[in-house]
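See below for the structure under consideration.
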Amino acid sequence: MSRGITIRDVADEASVSIATVSNAMNRPGRVSAQTRTRVLEAADKLGYVPQSTANYRAATARKRLGVIAPFASYPSYAARLNGILEVLGVDRTETIVYDHPSASRSPSPRLASLPFSGTLEGLIIMGVPVDTGLSGRILDRDLPTVLIDSSHPRFTSIVLDEAHGARLAAEHLLARGFEQFVYVTEGQVSNDYISQGTRRLSGFVQALADNGVTDDRLHRITARSGDIAAGRAAAEFVASVARSGRVGVLAGHDTLAAGVVGGLRGLGIAVPDRVGVMGWDGGAIVEALGLSTVAQPLVDSGRIGAQRLMSLVRHESVPIERIILTPTLVPGITT
98 MSRGITIRDV ADEASVSIAT VSNAMNRPGR VSAQTRTRVL EAADKLGYVP QSTANYRAAT
158 ARKRLGVIAP FASYPSYAAR LNGILEVLGV DRTETIVYDH PSASRSPSPR LASLPFSGTL
218 EGLIIMGVPV DTGLSGRILD RDLPTVLIDS SHPRFTSIVL DEAHGARLAA EHLLARGFEQ
278 FVYVTEGQVS NDYISQGTRR LSGFVQALAD NGVTDDRLHR ITARSGDIAA GRAAAEFVAS
338 VARSGRVGVL AGHDTLAAGV VGGLRGLGIA VPDRVGVMGW DGGAIVEALG LSTVAQPLVD
398 SGRIGAQRLM SLVRHESVPI ERIILTPTLV PGITT
């Protein structure tokens with residue numbers, strides 16, 4: 098890859114101004130999606146590496162590392178960030194945190210352009226899929242990167258044993274004597290990206306089937322979003338299922354589960370006598386509500402990811418790993 102490619106070369110290749118290239122890489126919100134894509138594709142084609150990268154690394158001994166995740170959408174990533182900061186805080190590092198809009202198939206403009214920032218020496222991507230274009234961009238620019246709650250064969254990743262967690266939930270609800278089952282998730286399923294929620298549903302279906310639960314006793318509902326209000330709205334469907342027997346509910350995460358519990362209580366349906374509700378993740382909302390949940394080792398996953406990233410940044414010889422963590426069942430008063 099040539100190191101002589103300049104920002105002017107990228108501008109010429111993309112048929113835009115130098116200012117537009119700069120905005121596409123550093124302030125992507127100022128550039129239209131079509132223009133931004135054209136600029137990034139031109140930079141990829143030419144193998145452009147910002148000159149500022151070498152200058153920045155030579156000028157300071159303090160490492161600047163980036164962390165990007167859907168922090169505003171899911172509280173679990175804040176817990177993971179605590180684990181990351183525990184590790185990075187003891188080193189000479191500066192951590193830059195970026196919020197991603199959601200754990201969706203399409204990466205945000207900020208994530209797509211981060212490899213061109215020129216000042217990051219390492220990157221942690223949490224809960225966001227890494228497609229071929231982004232992975233190539235990261236690898237071509239030798240940006241040490243670790244994935245948490247996401248995976249790609251070219252990067253070290255820290256993921257959860259989703260199937261085991263779903264089995265814990267299914268067996269817990271069965272042991273409590275529930276007869277009908279509902280899985281509540283959010284968003285739309287993409288044909289080319291298998292989300293965490295989809296993997297949990299698959300594991301839940303399989304675990305129930307292994308215990309003799311026929312498909313007509315399992316219901317699936319897709320909430321309009323992942324907030325408490327969406328969980329409350331989903332409670333109306335759960336209530337309709339409860340007319341034919343006791344219902345065990347597994348929600349894709351704790352916030353949705355909390356909304357379902359609130360909605361059921363508002364409808365006068367006894368929890369857990371008539372309907373049992375479980376969440377997924379573990380955290381403050383679980384303790385506040387006494388919510389049953391499948392708890393992830395959130396802080397530990399952040400620590401492990403940060404440790405692996407620091408090894409890469411120090412140029413230590415470390416293999417690419419897929420580290421699988423095990424969830425635990427936390428029974429509460431909602432089941």
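Residue numbers (this note's numbering): 98 to 432.
The C-beta atom is built at its ideal place from N, Cα and C for all residues, glycine as well.
Which listed residue (the options) has its alpha carbon closest to that of residue i
i: residue 383; options: 267, 112 and 352; result: 352
i: residue 369; options: 112, 343 and 114; result: 343
i: residue 347; options: 212, 302 and 132; result: 302
i: residue 167; options: 183, 211, 229 and 246; result: 246
i: residue 394; options: 402, 327, 422 and 410; result: 422
i: residue 403; options: 255, 130 and 330; result: 255
i: residue 372; options: 333, 195, 321 and 294; result: 333
i: residue 270; options: 315, 231 and 179; result: 315
i: residue 276; options: 248, 192, 121 and 340; result: 340
i: residue 250; options: 233, 266, 391 and 268; result: 233
i: residue 328; options: 160, 307, 171 and 360; result: 360
i: residue 399; options: 355, 381 and 178; result: 178
i: residue 376; options: 311, 389 and 226; result: 389
i: residue 248; options: 198, 416 and 226; result: 226
i: residue 419; options: 123, 252 and 185; result: 252
DSSP three-state assignment for residue i, whether helix, strand or coil
i: residue 138; result: helix
i: residue 312; result: helix
i: residue 101; result: coil
i: residue 421; result: strand
i: residue 155; result: Confidence in residue 155 is poor, its pLDDT being 49 and thus under 50, which makes the residue's placement too unreliable to answer from.
i: residue 169; result: coil
i: residue 74; result: This structure cannot settle anything about residue 74, because the visible part of the chain is limited to 98 through 432.
i: residue 376; result: strand
i: residue 227; result: coil
i: residue 111; result: helix
i: residue 274; result: coil
i: residue 287; result: Bear in mind that a pLDDT of 44 at residue 287, under 50, signals an unreliable position, so the model cannot answer this.
i: residue 257; result: strand
i: residue 184; result: helix
i: residue 395; result: helix
i: residue 426; result: strand
i: residue 307; result: helix
i: residue 129; result: coil
i: residue 431; result: coil
i: residue 145; result: coil
i: residue 342; result: coil
i: residue 366; result: coil
i: residue 252; result: coil
i: residue 371; result: coil
Integer-rounded CB distance, given that residue j should sit under 8 Å from residue i
i: residue 406; j: residue 162; result: 7 Å
i: residue 358; j: residue 431; result: 6 Å
i: residue 503; j: residue 174; result: The first residue shown for the chain is 98 and the last is 432, placing residue 503 beyond what the model contains.
i: residue 242; j: residue 235; result: 5 Å
i: residue 140; j: residue 107; result: 5 Å
i: residue 261; j: residue 424; result: 6 Å
Where the alpha helix (DSSP H) through residue i begins and ends
i: residue 322; result: No alpha helix (DSSP H) holds residue 322; DSSP gives it neither H nor E.
i: residue 462; result: Since the first residue of the chain shown is 98 and the last is 432, residue 462 is not available in this structure.
i: residue 206; result: 206-210
First through last residue of the beta strand (DSSP E) which encompasses residue i
i: residue 277; result: 277-283
Closer than 7 Å: residue i CB and nearest the ligand HEM heavy atom
i: residue 173; result: Although the ligand HEM was asked about, the structure shown includes no ligands whatsoever.
Bridge-paired residues (DSSP) for residue i
i: residue 446; result: In the structure displayed, the chain extends from 98 to 432; residue 446 sits before or after that span and is not available.
i: residue 222; result: 165 and 244
i: residue 348; result: 281
i: residue 106; result: The partner list for residue 106 (beta bridge, DSSP) is empty, contrary to what the question assumes.
i: residue 239; result: None; residue 239 has no bridge partner.
i: residue 196; result: 166
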